[in-house]
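K.L.:
Those sequence lines, one after another, are chains A and B. According to our numbering, the residues represented by the first sequence are 1 to 451, in order. According to our numbering, the residues represented by the second sequence are 1001 to 1338, in order. Think of the CB as a built atom: it goes at the ideal place given N, C-alpha and C, for glycine as much as any other residue.
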Amino acid sequence: MDALFLSRLQFAATTMFHFLFVPLTLGLSIMVAWMETRYVKTGDETYLKMTKFWGKLFLINFAVGVVTGITLEFQFGTNWSIYSAYVGDIFGSLLAIEATAAFFLESTFIGVWIFGWNKLSKKAHAGVAWLIAFGSNLSAVWILIANAWMQSPVGFTIRDGRAELVDFVAVITQKFAIVKFIHTVTAAYVLTAFFVMGISAYHLLKKQHIEFFTRSFRAGLTFGLVSSLVVFILGDLNGVVVAEKQPTKLAAMESQWETQTRAPLYLFSWPDEKNERNAIEIGAIPGALSFLTKHDINAEVRGLKDFPPDERPPVFITSFAFKGMVGLGCVFILLTVVGWFKRNKLLENPKYLKIMMYSIPLPYLAVQLGWLLTEIGRQPWIVYGLIRTSDAVSPISTSQVAISLIGFIVVYSLLGIAGFSLIAKYAIKGPDSDDSEEDIQPGAALDTSAA
Amino acid sequence: MELQSIWFFLWGLLWAIFFMTDGYDFGIGTLYPILGKNEEDKRVMINAIGPLWDGNQVWLITAGGVTFAAFPIVYAVMFSSLYTALMLILFALIIRGVSFEFRGKIDNPRWIKIWDTCIFVGSFLPALLFGVAFANIFKGIPIDENGIFQGNVLALFNPYGLLGGVLFVMLFVQHGAIWLTIKSDGDLHENAMRISRKTWPILLSVAVIFLVYTKFATNLYDNYLANPVLLLVVLLTVAGLLGSRIFMAKQEFFKAWFSSALTIVGTIFFGVIGLFPNLFPSSLDPAYSLTAFNASSSPLTLKIMLVVVVIFVPVILAYQIWAYNLFKTKVNKQEMTY
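#1: For a contact defined as C-beta to C-beta under 7 Å, what are the partners of V112(A) on chain B?
#2: Work out the CA separation of W257(A) and D1116(B) for me, nearest whole Å.
#3: Report the three-state DSSP secondary structure of E281(A) (helix, strand or coil).
#4: Could you tell me which chain A residues have their CB closer than 7 Å to the CB of Y1083(B), listed as they occur along the chain?
#5: May I ask which residues mark the beginning and end of the alpha helix (DSSP H) holding E244(A)?
#6: On the DSSP letters alone, give me the boundaries of the beta strand (DSSP E) that Y266(A) sits inside.
#7: For N1278(B), does the three-state DSSP call read helix, strand or coil?
#8: Using DSSP with H/G/I as helix, E/B as strand and the rest coil, what is T1218(B)?
#9: Looking only at its own chain, which residues have a Cβ that is under 7 Å from the Cβ of P314(A), when we skip the five neighbours before and after it?
#10: Would you check if the distance between the CB atom of A148(A) and the CB atom of F176(A) is smaller than 8 Å?
#11: Under the three-state reduction of DSSP, which class applies to L165(A): helix, strand or coil?
#12: Compute the beta-carbon to beta-carbon distance between S216(A) and M50(A), rounded to the nearest angstrom, for a pair I have assumed lies under 8 Å.
#13: Grab me the residues of D447(A)'s own chain with a C-beta within less than 6 Å of its C-beta, minus the 5 sequence neighbours each way, in chain order.
#14: Between E348(A) and the rest of its own chain, which residues show a CB-CB distance below 6 Å, the 5 nearest in sequence each way excluded?
#15: When the Cα atoms are used, what is the spatial distance from S449(A) to E1101(B)?
#16: Pick out whichever of K1037(B), W1322(B) and V1077(B) has its Cα sitting closest to the Cα of E1145(B).
#17: Checking the sheet assignment: what are the DSSP bridge partners for R159(A)?
#18: Less than 7 Å between C-beta atoms, sequence neighbours within five positions excluded: which residues of the same chain meet that for G1271(B)?
#19: What does the alpha-carbon distance come out to for the pair A366(A) and F21(A)?
#20: Which of the three DSSP states is assigned to Q260(A) in this structure?
#21: In the DSSP assignment, what residue or residues form a beta bridge with V301(A)?
#22: What did DSSP end up calling L405(A) once you bin it into helix, strand or coil?
#23: Helix, strand or coil for F1018(B)? Go by DSSP, reduced to three states.
#24: Does any residue of chain B have a CB that is nearer than 8 Å to the CB of S404(A)?
#25: Mind listing the chain B neighbours of N349(A)? Cutoff is C-beta to C-beta under 9 Å, in chain order.
#26: Residue range of the beta strand (DSSP E) that E382(A) falls in?
#27: Straight-line CA distance for N1258(B) to G1122(B)?
#28: To be precise: take each residue of the stretch 81-104 of chain A, compare its Cβ to all Cβ atoms of chain B, and keep it if any distance is under 9 Å. Which residues remain?
#29: For M325(A), collect the residues of the same chain with a Cβ closer than 6 Å to its Cβ; drop the 5 residues on either side in sequence, then sort them by chain order.
#30: Measuring alpha carbon to alpha carbon, tell me which of L1188(B), S1184(B), N1136(B) and D1107(B) ends up nearest G1164(B).
#31: By the three-class DSSP mapping on this structure, what secondary structure does I387(A) have?
#32: Could one say the Cβ of T222(A) lies closer than 8 Å to chain B's Cβ atoms, at least one of them?
#33: Cutting at 6 Å between CB atoms, please list the residues of its own chain near I1017(B), excluding the five before and the five after it.
#34: State the Cα-Cα distance for the pair V1169(B) and I233(A), rounded to the nearest angstrom.
#35: Using the beta-carbon of each residue, which ones in chain B are nearer than 9 Å to L422(A)?
#36: Kindly give me the distance between the Cβ atoms of R312(A) and A252(A), rounded to whole angstroms, as I take these residues to be in contact under 8 Å.
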């Protein structure tokens, strides 16, 4: 255990924890803004109730997302100072632009939205909701451009031992960044859709607030169906750019050891890293890997053995993160397509509703696997091909990092428990009851016992 | 002026705006156990900063981000050498941020007590530690030629550093008390006013001692001696300090708040101007100091970032002023959100 190992652990833990909350912010901000817009346009009070109910869950989630985001900005400097000095010209600028152009918008207007119900016109208040949605999604643009640059550095030159910016446009318009952005935010929308559908399913199964949650479920279903298709298509394009820019990651993802043309895709394989081969390979589809990576069944795919061992990422975890993510992606398409055919008779399909209720955690798992693949698959580099993770750590003492890591584990565990129990509590409680809605049964709906 | 000098002062400006805005949030959080005598008062205090604190805090993210972008080496050395202090600030900001949202969500005295404590610790600790950190930067940090910290974390808590911490706490307490006076009525309004009046002489004494001690602990005055007209900044700061007291006495609260804001901005600029061109001076050898000229990004990055800042900072200020204007009225006790 040294400062490097602990810093990697700390970064992984804090980033993955942060990303438990970010996706819901990205998607639910849009859904809530849409609900409020429907309310303004139709005057239908159910939409207002939906705005308030989903808005409350959004805000609890948002609070944890915001505070854990500060950690990331601090951490590049505290734990990765060599990296920071090396790439600040480019990576630092992108973070600074994110703060000024996007994060301010989101954070300023969130206060206005929470406190402005009686201070703004209905239209203006709904407009504020859109500004929050726009701001948070714009934040994702800049953060993902920054991450894409770590995966595929462009538009720079090395001068005095630092990467200096020479072409800003190349950095922000590279294909890697665009594909990554769409893939990541649509994955966030899938997570949001399953969150909304799952909670709605819970109430529909209990036969309470039927109109309210049928509408919510169907909104989530449309959002989820479109998003899970887009996320899959973009995932495929993502594979193509990874193959082009990060051949080692691609080879690890597919546990492809030998370089070959017309490379097959295995339905299942179990990598044996020590002997540089797969212990198990089942279900070869000839040429499929070549087709997926180059869109040509005869194309050559480079295997891991083509690269020196000290430039290969950990194969086992990379390949399983990839397969898990793709498998879950297929499940999301299946579940939303099935849902589409049942959308008009949800109450008659309790089994489907039950599956959807228990599916809430699946997209959370999928996005975490996605980031594991992205970041572990890039190793041993912190910036692909330019600087190694092991050369990027701050000259700090092991004990400092050990103490802060323990601090994070304690604080984040409590924060996670508190955040998710509050979300569960208010999700189970259902919309605020008043007398205007017929189907509210106070006894059942207001069960506030902690989940 | 060269790009690097422009960026040096923009860097100072962003920190100044952060302390000017989030400063009163820290102040109210610090006063929370003293002025929050009952549940209603506590909730008024939280709702007094509720709509604005989140937007205020982004000035910190921006100040940090801009340090990273414009002075990457300073960002790297500053954040890694002040590791433990920054981690403490971070944890404090984390618990403060969720407290407002979480506190009222479960109606249980023990739950509420937890978040009450977090609000106080999460406000007082950053106020103190930012002061300690900045005073130590004014004084110089023991970094070697490779930017590696050669000291002990506890060494940051030297008398001058601690005095800086106390100064920041008192500045923010004053600023917070004035904001709370604006936002509250009844007993809380009177109590906030009384706190402002009572703590003002303490703030004044701490400020005077700090100014004098700075002469002996730092080289900040060198720039002022070389260019005495710069002492106007000190004068403005003192004017702000006197103004806040006078306007409070006249019950012209908004003017008092602006005076207090001027004091905070002036205090930061007093240090920043004195530091120039050092951003992170070394106490071991001036040759190891990180300056605007030896630690900056490439000219292209500085230019692009300047365009970004020149476009967006006025836009941000415009919508934040709009938001402030929306929430400058007293907290309505019937409509408290938190």
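P.N.:
Taking the structure as given:
#1: Residue 112(A) sits at position 112 when you count from the first residue of the first sequence. P1051, A1323 and L1326, listed in chain order.
#2: The residue you call residue 1116(B) lines up with position 116 of the second sequence. The residue you call residue 257(A) lines up with position 257 of the first sequence. Approximately 57 Å, taken between the alpha carbons.
#3: Numbered from its first residue, the first sequence carries residue 281(A) at position 281. Shown here, E281(A) sits in a strand according to DSSP, grouped into three states.
#4: Locating residue 1083(B) in the second sequence gives position 83, where the first residue counts as 1. Correct list: T78, I396 and Q400.
#5: Counting from 1 along the first sequence, the entry for residue 244(A) is found at position 244. Its alpha helix (DSSP H) spans residues I210 to K245.
#6: In the first sequence, residue 266(A) corresponds to position 266, counting from 1. L265 to D272 is the span of the beta strand (DSSP E), which, as asked, contains Y266(A).
#7: The residue given as residue 1278(B) occupies position 278 in the second sequence. Strand, per DSSP.
#8: The sequence position of residue 1218(B) within the second sequence is 218, counting from 1. It is coil, neither helix nor strand.
#9: As a working mapping, residue 314(A) is identified with position 314 in the first sequence. So the list reads I376 and Q379, once near-sequence residues are dropped.
#10: Counting from 1 along the first sequence, the entry for residue 148(A) is found at position 148. Counting from 1 along the first sequence, the entry for residue 176(A) is found at position 176. One thing to note: A148(A) has its Cβ within 8 Å of the Cβ of F176(A).
#11: Sequence index remark: in the first sequence, residue 165(A) carries index 165 (1-based). Here L165(A) sits in strand by DSSP.
#12: Reading the first sequence from its first residue, position 216 is the one you call residue 216(A). Reading the first sequence from its first residue, position 50 is the one you call residue 50(A). Rounded, the Cβ-Cβ distance is 6 Å, consistent with contact.
#13: In the first sequence, residue 447(A) corresponds to position 447, counting from 1. Caution applies to D447(A), whose pLDDT of 38 falls short of 50 and renders its modelled position unreliable; the model cannot decide the point.
#14: Within the first sequence, the letter at position 348 stands for residue 348(A). Here the set comprises nothing.
#15: Looking up residue 449(A) in the first sequence gives position 449. Looking up residue 1101(B) in the second sequence gives position 101. Per-residue confidence for S449(A) stands at a pLDDT of 38, beneath the threshold of 50, marking its modelled position as unreliable; no derived number is given.
#16: Locating residue 1145(B) in the second sequence gives position 145, where the first residue counts as 1. The residue with the shortest Cα to Cα distance from E1145(B) is V1077(B).
#17: On the first sequence, position 159 is the one that residue 159(A) refers to. Note: R159(A) sits in a beta bridge opposite R162(A).
#18: In the second sequence, counting from the first residue as 1, residue 1271(B) sits at position 271. Cβ neighbours of G1271(B) beyond the five flanking positions: F1134, F1138 and L1220.
#19: Sequence index remark: in the first sequence, residue 366(A) carries index 366 (1-based). Sequence index remark: in the first sequence, residue 21(A) carries index 21 (1-based). Here the C-alpha atom of A366(A) lies approximately 14 Å from the C-alpha atom of F21(A).
#20: Here residue 260(A) refers to the residue found at position 260 when the first sequence is read from its first residue. Strand.
#21: Taking the first sequence and counting its residues from 1, the one referred to as residue 301(A) is at position 301. Per DSSP, Q260(A).
#22: Locating residue 405(A) in the first sequence gives position 405, counting from the first residue. Three-state DSSP puts L405(A) in a helix.
#23: Reading the second sequence from its first residue, position 18 is the one you call residue 1018(B). Looking at F1018(B) - three-state DSSP - the assignment turns out to be helix.
#24: Translated into positions along the first sequence, residue 404(A) becomes position 404. Proximity of S404(A) to chain B, defined by a Cβ-Cβ separation below 8 Å, is satisfied.
#25: The sequence position of residue 349(A) within the first sequence is 349, counting from 1. Chain B residues near N349(A): none, gap ~33 Å exceeds 9 Å.
#26: Here the question's residue 382(A) lines up with position 382 in the first sequence. The identity of residue 382(A) in the sequence shown is Ile, whereas the question assumes Glu. W381 to V383 is the span of the beta strand (DSSP E), which, as asked, contains I382(A).
#27: By 1-based counting over the second sequence, the position of residue 1258(B) is 258. By 1-based counting over the second sequence, the position of residue 1122(B) is 122. Here the sequence assigns Phe to residue 1258(B), which means Asn is not the residue at that position. Straight-line Cα distance between these residues: approximately 25 Å.
#28: S81, I82, Y83, S84, A85, Y86, V87, G88, D89, I90, F91, G92, S93, L94, L95, A96, I97, E98, A99, T100, A101, F103 and F104
#29: As a working mapping, residue 325(A) is identified with position 325 in the first sequence. Its chain contains A366, L369 and G370 as the residues whose beta carbon lies nearer than 6 Å to that of M325(A), once the 5 sequence neighbours on both sides are disregarded; these appear in chain order.
#30: As a position in the second sequence, residue 1164(B) is number 164, starting the count at 1. Ranking L1188(B), S1184(B), N1136(B) and D1107(B) by Cα distance to G1164(B) puts N1136(B) first.
#31: Along the first sequence, one-based indexing puts residue 387(A) at 387. Reduced to three states, the DSSP call for I387(A) is strand.
#32: Residue mapping note: residue 222(A) aligns to position 222 of the first sequence, counting from 1. Closer than 8 Å: no.
#33: Locating residue 1017(B) in the second sequence gives position 17, counting from the first residue. Hits under 6 Å: W1059.
#34: Indexing the second sequence from 1 puts residue 1169(B) at position 169. Indexing the first sequence from 1 puts residue 233(A) at position 233. Rounded to the nearest angstrom, the two C-alpha atoms are 54 Å apart.
#35: As a working mapping, residue 422(A) is identified with position 422 in the first sequence. Chain B residues near L422(A): E1101, F1102, K1105 and I1106.
#36: For the purposes of this step, residue 312(A) is taken as residue 312 along the first sequence, with counting starting at 1. For the purposes of this step, residue 252(A) is taken as residue 252 along the first sequence, with counting starting at 1. With a Cβ gap of about 7 Å, R312(A) and A252(A) count as contacting.
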